[in-house]
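J.: Mapping of the sequence shown onto the UniProt record's numbering: residues 1 to 548, in sequence order.
Glycine is no exception: its CB is placed at the ideal position from the N, C-alpha and C atoms.
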Amino acid sequence: MSGKMVVDEPKVPPKKFTVENNVYKGEVVPFSSEYKSLGELMWKSINKYKNKIAQVDAQTDKVVTYAELQNKVVRCALWLQEHGIKSGDVISICSKNTIDSIVPCLAATYINAIFNPWNEDMNLHTAHHVLEQTMPKVIFCTKKPVDIILTAMKDKNCSPIVVVYGDHPSTIPFSDVLSGYSDAHLANFRYLELNDIKTTACIMHTSGTTGMPKSAEFSNYSLLLAVQDDNKATEIVLWFSSLYWISGMVMNINSITKGVKVIIYPDFDEEMTCQLIEKYKVEWLFLDTSMISRFLKAGFATKYPLSSLKVLLSGGAILTAKTQEELKRVLPHVPILQIYGMTEACGLTTMQFPWHKMGSCGTVIPNYEIKIVDLDNGETLGPNQTGEIFIRSAITMTGYYRNPEATKEMFDEEGWMHSGDIGYIDADGELYIVDRLKDLIKYRGYQISPAEVEVLLHTHPGVLVVAVVGVPHPIDMEHPVAFVTIKPGFTVTEKELVDLVANNMADSFKLRAGVVFLDAFPYTGTGKIAKVELKAMAKKLAVEEADD
């Protein structure tokens, strides 16, 4: 799937990037698409592979061919047109992965509407926010979020059509959307041609790790450029990222353009992942970084051969060299590759290959440029110097939907996108992520990287998940506090963890605000630890301690 699925590369191939004035430039692959819209690409790809299996519902073993998928997508597109949906209208989808969750997205591309995935686990506050941001004409959702969506609509005095996968009062069943069209209707339908390839194709919400999600706007041109290569080394793929994740959206598009079989299962589970790989002979697997950690620590991978697996790809947060090495020992036959990217960049920006160093995110991919910029003076930095990662590409988002102020803050006058991530590039051009700029803890003039403390705390055998944030302090600005969940069967004390940091790191890194043990972490819709919630908890604890 795009460059992500290539496994049989030479050991040390020629570098596919150049360096000019400390700007790392991926190979330039000219836009050569014969397609003039994402809808045209999807239409022709699905027809091309019509006799192949497109999806397998792993919960029911139901198989969907590309021809059957096309039938549903056309019916949905006809229904949208019948209900007045036209070019530029927004269609929202709020669902975990099912065999039908992709259908409205594809239908939207056929009529040049804009598809906009939402987080199925959102709360009412977030529902208010996304409803106001994108103003959809139709919302397709599962039963889980429907009451929140209907309440948000009432609160905001708006009335999009709500279609539910199932049945629910005041909504339309998705089964009704697919019924009522004759063979003649289906035979006469064709995707609508697009006059301007720069027209918006989709709106993706950012992860919301540091606040409410923003709405990143992507053009047809951007998505066509992102998936235009022909590499395909695997036939059966599995991921758990919903369409709400940029990875989920891009992998869905890629799978269709390559005609691969997608195994669909709604939620990540450590042992179920192994069972799915074994049962369906999965060749290509994507897990986000938190899933990787859970997968490794659960130990099930040692109990299954997993011999079909050719690639395990990871992204979303820092995958340390230690974790990568441990996983490699468990799966010695599988290349375990890390990517770096972000929603606004349309997914990956750099990619690791087997010849790259453990813990790196690899080198810049085609049609992207990256550089490291000094946090204080804005100068471009050289190898092994840490600063903010800047990204430039025609593939990145057009901007934040209906938010020119935020767009202006994100891009500078030269078109560089400010990632908000801290990292460095080594002498071989490999990128390493250090932390999020907004996550840095400020203590008496020092800038403390929570990720460095988290890596150390993860070495404790009883620590399952850990996140470090800053607690406001009236004199020192902030003190680090660690939030921790413990592995079953282990006992861990606060003193053990405080001493671990004090004995192995500089004085400024000490856990001066202590350790908070949690039963479970809050997560964002894209599977990342919701540090904004942890910071709110930490702030509340600081206030309570001050009151005492």
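Pair every Cβ in the stretch 86-97 with every Cβ in the stretch 124-144, then say whether three or more of these pairs are closer than 8 angstroms.
T.: yes
J.: Report yes or no: do the stretch 150-166 and the stretch 123-131 share at least 3 C-beta pairs separated by less than 8 angstroms?
T.: yes
J.: How would you label L337, buried or exposed, when you count the other beta carbons within 10 angstroms and need 16 or more for buried?
T.: buried
J.: Enumerate in chain order the residues of its own chain whose CB-to-CB distance from G415 is below 8 angstroms, with the five nearest sequence positions on each side excluded.
T.: R392
J.: I'd like the span of the alpha helix (DSSP H) that includes S175, first residue to last.
T.: 174-177
J.: Is it true that the CB of E344 sits closer than 8 angstroms to the CB of T206?
T.: yes
J.: In this structure, how does DSSP classify A536 when only helix, strand and coil are distinguished?
T.: Three-state DSSP puts A536 in a helix.
J.: How big is the Cα-Cα spacing for A506 and V434?
T.: 17 angstroms
J.: Report yes if the C-beta distance between I264 and V227 is below 8 angstroms; otherwise report no.
T.: Against a cut-off of 8 angstroms, the Cβ pair of V227 and I264 comes out as no contact.
J.: With 16 other CB atoms within 10 Å as the buried threshold, where does K15 fall?
T.: exposed
J.: Identify the continuous alpha helix (DSSP H) that holds residue 570 and give its terminal residues.
T.: Outside the modelled stretch of the chain, which goes from 1 to 548, sits residue 570, for which no answer is possible.
J.: What span of residues does the alpha helix (DSSP H) with D499 cover, start to end?
T.: 494-504
J.: What is the DSSP secondary structure of N220, reduced to helix, strand or coil?
T.: helix
J.: What is the residue span of the alpha helix (DSSP H) that E270 lies within?
T.: Segment 270-280, the alpha helix (DSSP H) holding E270.
J.: Closest by CA to E278, which one among T257, I236, A317?
T.: I236
J.: Counting only the same chain and skipping the five closest in sequence on each side, list residues whose C-beta sits under 6 angstroms from that of E454.
T.: Excluding positions up to five away in sequence, the list reads V466, V468.
J.: My understanding is that L238 touches L285, with C-beta atoms under 8 angstroms, so please give their C-beta distance in whole angstroms.
T.: 5 angstroms
J.: Out of A406, R329, M272, which one is the CA nearest neighbour of Q59?
T.: M272
J.: Could you tell me which residues DSSP pairs with Q133 in its beta bridges?
T.: Note: Q133 sits in no beta bridge, so no partner.
J.: Leaving out the 5 sequence neighbours to the left and right, which residues in its chain are closer than 7 angstroms to G3 when beta-carbon positions are compared?
T.: At G3 the pLDDT is 37, less than 50, meaning the model places this residue with poor confidence; the figure from the coordinates comes in the next sentence. Excluding residues within five positions, the ones whose Cβ falls inside 7 angstroms are D229, N231, M351, I365.
J.: Mind checking who C94 pairs with in its DSSP beta bridge?
T.: W118, C141
J.: Going by C-alpha to C-alpha distance, which of E369, V74, E388 sits closest to D376?
T.: E388
J.: Quick one, are the C-beta atoms of N220 and I197 less than 8 angstroms apart?
T.: yes
J.: Given this structure, state the Cα-to-Cα distance separating D8 from A536, to the nearest angstrom.
T.: Interpretation of D8 is limited by its pLDDT of 46, a score under 50 that renders its predicted location unreliable; the figure taken from the coordinates is listed afterwards. If I take the Cα positions, the gap works out to 47 angstroms.
J.: Once you ignore the five residues that flank L457 on each side, which residues in its own chain have a CB closer than 8 angstroms to its CB?
T.: V463, V466, V468, A482, V484, L497, L500, V501
J.: In three-state terms, what does DSSP make of F286?
T.: strand
J.: Do L80 and I46 count as a contact pair if the criterion is CB distance below 8 angstroms?
T.: no
J.: Leaving aside the five residues before and after V146 along the sequence, list all residues of the same chain whose C-beta is less than 8 angstroms from its C-beta, in chain order.
T.: V162, V164, H168, T171
J.: Compare the beta carbon distance of Y446 and T386 with 8 angstroms and say whether it is the shorter of the two.
T.: no
J.: My output table needs one value for S314: the three-state DSSP class, helix, strand or coil.
T.: strand
J.: If you check the beta carbons only, do F218 and A201 fall under 8 angstroms apart?
T.: yes
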